[in-house]
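This note's numbering puts the first residue of the sequence shown at -14, with every later residue one more than the last. Idealized CB from N, CA, C, for every residue including glycine. Reviewing the structure listed below.
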Amino acid sequence: MAIYEAFGDCTRVQKFKNNPKVTFLTLCSLGAISCVMPIRYSAAAKTKKYVVSALGLLSKKDRVKPICADDLWAEVMSDCQLTKPLKHNNQMDVILTLWYSNMLNIDEVGSELDLKEVML
């Protein structure tokens, strides 16, 4: 399915809000989803930072052991050095669902994520 079919022409979001759609589009822009070609999407810097952090953390984890979205978010907040507690607004659910479905190319994008993390 084409991204435009799913989301329409909303890849130019004026106001970024951390939600599942923005997280999915950010993953697409990073080329992290195996069945979706990378797209041009300028995600909010914070969302991109959280997504990159979550992918980095998941690359070190075993898929067999269940991971709670709230636990992953706590690790992301720690990794991003967030002092104020925030809600993940189902962002981690999107990432974990794709991860458990073997749809994320974490290994293939790993080196690119390191470069993108520096650019954040």
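Query raised in the report: Identify the residues that DSSP records as bridge partners of I18: which are they?
Result: Within the sequence shown, the letter at position 33 stands for residue 18. Paired residues: L89.
Requested in this report: Run the CB neighbour count on M22, radius 10 Å, all protein chains shown included, and call it buried at 16 or more, exposed below.
Outcome: As a first step, residue 22 must be located in the sequence shown, where it is residue number 37. Looking at its Cβ environment, which holds fewer than 16 other Cβ atoms inside 10 Å, M22 is exposed.
**Report entry** Straight-line gap, G41 to I80 (C-alpha atoms, nearest Å)
**Finding:** The count along the sequence shown starts at 1 and reaches residue 41 at position 56. The count along the sequence shown starts at 1 and reaches residue 80 at position 95. Roughly 12 Å separates the two Cα atoms.
Requested in this report: Assign L89 to buried or exposed, taking buried as 16 or more other Cβ atoms, counted over all protein chains shown, within 10 Å of its Cβ.
Outcome: Here residue 89 is taken as the residue at index 104 of the sequence shown, counted from 1. Buried.
Query raised in the report: Taking buried to mean at least 16 other C-beta atoms within 10 Å of its own C-beta, is K69 buried or exposed?
Result: The residue given as residue 69 occupies position 84 in the sequence shown. Exposed, since its Cβ has fewer than 16 Cβ neighbours within 10 Å.
Query raised in the report: Using the beta-carbon count (16 or more within 10 Å), is V49 buried or exposed?
Result: Here residue 49 is taken as the residue at index 64 of the sequence shown, counted from 1. When all chains shown are included, V49 counts as exposed.
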